[in-house]
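Here the structure comes first, spelled out in structure tokens, and everything after it is commentary.
There are 2 protein chains.
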Amino acid sequence: MNSEFIKKMQVTCTNCSLDEICIPRGLSHSEVDTVSQVIKRKKTLQRGDFIYRDGDQFKGLLAIKSGTAKLIADDQDGNEHILNILLPGELLGFDGLFNDQHNCSAVALETLSYCELPADNLEELCQQVPSLMRELFRHTGSKINNDRNMIVINNRPAEERLAAFLIGLSDRFSKRGFSSSDFTLPLTRQEIGNHLGLALETISRLLKQFQTSGLINVNNKQIKIRDIDSLRNIFSQPR
Amino acid sequence: MNSEFIKKMQVTCTNCSLDEICIPRGLSHSEVDTVSQVIKRKKTLQRGDFIYRDGDQFKGLLAIKSGTAKLIADDQDGNEHILNILLPGELLGFDGLFNDQHNCSAVALETLSYCELPADNLEELCQQVPSLMRELFRHTGSKINNDRNMIVINNRPAEERLAAFLIGLSDRFSKRGFSSSDFTLPLTRQEIGNHLGLALETISRLLKQFQTSGLINVNNKQIKIRDIDSLRNIFSQPR
DNA sequence: CGTATTATTGACTCCATTCAAAGATAGTGG
DNA sequence: CCACTATCTTTGAATGGAGTCAATAATACG
């Protein structure tokens, strides 16, 4: 994206509605301005479009403005594994930090717009805006903690995994100002199963079971959480 | 590389035998000197000692000089899950980057010595030594990639998990200058099982099976890899 | 040397997968 | 707008991989 496009859009970090949850959180007004000048607004993508592909050169860290995405790792035999899903306001691209080459792929799950904090400016920018460095470390730390939480969750029984997944979505939607009780699953049963290491039939059966127990209402991809405390209890009970 | 510096009495990053694999990799001589001045050499710990505990204040990033350690997450019901093991020359502590508070515990698996890059100097130090920032981002990126690899591996059959674990150890030992074919498992069967999400009996049975197939020799914790290619093939075969 | 921890091995059980088939939903073009 | 098709979801029945239980053996340790 070129600079005239940026001027045309008139969207900057300063007036972006995500400014509280994206990178600039924790930065002063003038610091946000500085960062905003190098942030690139990228074009909108459609469902199924790749944001980046495994092996692509790392060009920068990305922030989702609207829409959702999935991170997928391609394993040896060509199957793909959904590592994570990304909601509006969340950051991605950290898998490129190690060797300037992406280590997994990112795919839009629906119409999606995003911003980029270019990698080539990163060092100088952090020199100019020291607290940006701190924020970036915070975000990398957060990603590490999330991934490790996923490792722990993935070794628990199917029921707990799905409950944790739903609770996680609820919390994250809530943090972004969406309803914590009513939301649309951005993934198919197949994809949820893939993400949680379960068969799609298991997801279907468990959603039904959760509904029967009065924990949630399910209508295809539409979820209504009816008893969030009991749902939370599912994975905080001793086995 | 730095052989002319190995005359100093004190152990510094400049003459540390780990200088190729620890933080200073990628820094110039003078930069390593600068970093070396703030690095703290910590006292030696014994098996079972905590390096840090879940919830502890984050004091800095740590590099293991000798010995091995495990990272453990305490889940809701008091069970612990071994997230990773750390070999000499490897870094830990990144789980404290998010909110200046450790998100898991680190425990010595044997007599262990380590260094600390203090957190309170980090911002200024990165201002003075810009390439340190790049190196730190590289390391955080590496941790993220490793954890995600773990997520993918953990959803595969038991045989593949254990093969991947052994190959991973072999590669990492090799990178540190140890034998890639002969090494001692730093974990009990119980701990390996915990780490891989398998029962300890399954580990025992699979090690036996690998030995019977001529892939490895097992003598309690002593492992000899006899056919590393076939071992690698176990998890690069289509299912 | 005796005790505690760790490892092996077998038999049985169970959670989740796989296979299979029918039903629902969304998207497309005539 | 409806019919047609592809995709997604539900549900049941059978299978199997890994867990659990249990008992013995080996190793480490004070």
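Residue numbers (numbering that gives the first Met the number 0), protein chains in the order written: chain C, 0 to 238; chain W, 0 to 238. C-beta: ideal position from N, C-alpha, C; glycine also.
For residue 143 of chain C and residue 61 of chain W, the gap between their C-alpha atoms comes out near 16 Å.
The straight-line gap separating the alpha-carbon atoms of residue 15 of chain W and residue 100 of chain C is approximately 30 Å. As summarised for the stretch 23-64 of chain C, the continuous alpha helix (DSSP H) elements at least 4 residues long and confined to that stretch are 28-37, given in chain order. Contact note: residue 129 of chain W reaches chain C through 122 and 126, using a C-beta cutoff of 7 Å and chain order. Less than 7 Å separates the beta-carbon of residue 85 of chain W from that of residue 63 of chain W.
In the assembly as shown, residue 156 of chain W is an exposed residue. Its beta-carbon has fewer than 16 other beta-carbons within 10 Å. With a contact defined as Cβ atoms closer than 8 Å, residue 140 of chain W and residue 97 of chain C qualify at about 3 Å. The beta carbon of residue 142 of chain W sits closer than 7 Å to some beta carbon of chain C. The closest CA to that of residue 37 of chain C, considering only C:204, C:22 and C:55, is found on C:22. Close CB contacts of residue 207 of chain C within its chain, under the 8 Å cut and outside five residues either way in sequence, are with 217 (chain order).
Think of a sphere of 7 Å around the beta carbon of residue 97 of chain C: the chain W residues whose beta carbon falls inside it are 137, 140, 141 and 144, in chain order.
Contact note: residue 82 of chain C reaches chain W through 147 and 150, using a C-beta cutoff of 7 Å and chain order. According to DSSP, residue pairing for residue 79 of chain C in a beta bridge involves C:73. Across the set C:188, C:194 and C:111, the C-alpha of C:188 shows the shortest separation from the C-alpha of residue 221 of chain C. Sequence-distant partners of residue 178 of chain W (beyond 5 residues in either direction) whose C-beta falls short of 8 Å from its own C-beta, in its chain, are 172. Within chain C, the residues whose beta carbon sits less than 8 Å from that of residue 196 of chain W are 153 and 154, listed in sequence order. As DSSP reads the structure, residue 181 of chain C sits in a beta bridge with C:223. Taking every protein chain shown into account, the CB of residue 159 of chain C has 16 or more other CB atoms within 10 angstroms, so this residue is buried. Residues 53, 70, 71, 72, 82 and 94 of the same chain have their beta carbon placed closer than 7 Å to that of residue 103 of chain W, with the five preceding and five following residues left out of the count. Distance from the CA of residue 128 of chain C to the CA of residue 89 of chain W, rounded to the nearest whole angstrom, comes to 30 Å. Counting the other CB atoms within 10 Å of its CB gives residue 27 of chain W a total below 16, which places it among the exposed residues. The stretch 186-236 of chain W is shown to contain whole alpha helix (DSSP H) runs of 4 or more residues at 188-195, 199-211 and 227-233, in chain order. In the structure shown, the three-state DSSP call for residue 134 of chain C is helix. Judged by beta-carbon spacing, residue 153 of chain W lies within the 7 Å limit of residue 196 of chain W, meaning their Cβ atoms are closer than that value.
Any Cβ of chain C closer than 7 Å to the Cβ of residue 232 of chain W would place that residue at the interface, and such an atom is absent. At a cut-off of 7 Å between C-beta atoms, residue 228 of chain W does not count as an interface residue with respect to chain C. Taking 8 Å as the Cβ-Cβ cut-off, the stretch 88-116 of chain C approaches chain W at 93, 94, 95, 96, 97, 98, 102 and 103, given in chain order. When the beta-carbon positions are compared, residue 117 of chain W and residue 77 of chain W stay at least 7 Å from each other. Within chain C, no residue has its beta carbon less than 9 Å from that of residue 46 of chain W; the closest one is some 23 Å off.
7 Å or more divides the Cβ of residue 24 of chain C from the Cβ of residue 87 of chain C.
By the Cβ-count criterion, residue 190 of chain C is buried, with 16 or more other Cβ atoms from all chains shown falling within 10 Å of its own Cβ. Taking a 10 Å sphere around the C-beta of residue 67 of chain C, we find 16 or more other C-beta atoms and assign the residue as buried. Straight-line spacing of the CA atoms in residue 151 of chain W and residue 148 of chain C works out to 14 Å. Membership of residue 125 of chain C in any beta strand (DSSP E) is not indicated; the residue belongs instead to the alpha helix (DSSP H) covering 121-127. In this structure, DSSP gives residue 91 of chain C an extended state, which the three-state scheme calls strand. Taken through DSSP and simplified to helix, strand or coil, residue 115 of chain W comes out as strand.
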